[in-house]
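Chemist: Mind having a look at this structure? Questions to follow.
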Amino acid sequence: MSVALGQDAIVLSGNCGAEEAESLLALIQAHPGMAVDIAGVEWVHTALWQILIALGPPVRGVPLHGFIHDWILPLLAHDTSDRRAS
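Okay, here's the thing in structure tokens:
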């Protein structure tokens with residue numbers, strides 16, 4: 016399983032497919048405020064990125080893939096409070 020609950024973070028690792036989206040959503044909802052660690056990800060389906068962008072949990076770790084670091088992490092760093100207010 017590429018989405019798992021660690022001791023102090025929700026951990027994404029390896030290749031995270033769309034089938035993992037429901038697990039990620041459930042873990043974030045069950046553990047509000049808990050960080051999501053993406054240090055071990057190689058590839059992540061857009062469904063999981065959409066959950067992270069929409070719910071805005073703290074995200075930590077340096078991803079293995081440069082594309083994620085350069086293009087996805089900046090999206091996660093933006094304040095999404097204005098989108099959640101509607």
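FYI, in the numbering used here the residues of the sequence shown are 16 to 101. Each residue gets a CB set at the ideal place from its N, CA and C atoms; glycine is no exception. The structure presented is a predicted model; accordingly, all values stated were derived computationally and were not measured.
Report the option in Leu40, Glu34 and Asn30 whose CA atom is closest to the CA atom of leucine 20.
Modeler: By 1-based counting over the sequence shown, the position of residue 20 is 5. Of Leu40, Glu34 and Asn30, the residue nearest in Cα terms is Leu40.
Chemist: Within this structure, are the beta carbons of serine 17 and glutamate 35 separated by less than 9 angstroms?
Modeler: One-based indexing of the sequence shown puts residue 17 at position 2. One-based indexing of the sequence shown puts residue 35 at position 20. Yes.
Chemist: Using 8 angstroms for Cβ pairs, my map puts methionine 49 next to isoleucine 25. What's the rounded Cβ distance?
Modeler: Taking the sequence shown and counting its residues from 1, one reaches residue 49 at position 34. Taking the sequence shown and counting its residues from 1, one reaches residue 25 at position 10. Between isoleucine 25 and methionine 49 the Cβ distance is about 6 angstroms, and since that is below 8 angstroms, they are a contact.
Chemist: Helix or strand or just coil, what does DSSP make of serine 17?
Modeler: Against the sequence shown, residue 17 aligns to sequence position 2. Correct three-state label for serine 17: coil.
Chemist: Quick one: what's got a C-beta closer than 7 angstroms to glutamate 57's C-beta in the same chain, skipping five residues either side?
Modeler: Residue mapping note: residue 57 aligns to position 42 of the sequence shown, counting from 1. So the list reads Gly29, Asn30, Leu79 and His80, once near-sequence residues are dropped.
Chemist: Secondary structure at glycine 55, three-state DSSP: helix, strand or coil?
Modeler: Taking the sequence shown and counting its residues from 1, the one referred to as residue 55 is at position 40. Three-state DSSP puts glycine 55 in a strand.
Chemist: What is the rounded straight-line gap between the Cα of proline 89 and the Cα of alanine 69?
Modeler: Looking up residue 89 in the sequence shown gives position 74. Looking up residue 69 in the sequence shown gives position 54. Whole-angstrom Cα-Cα distance: 14 angstroms.
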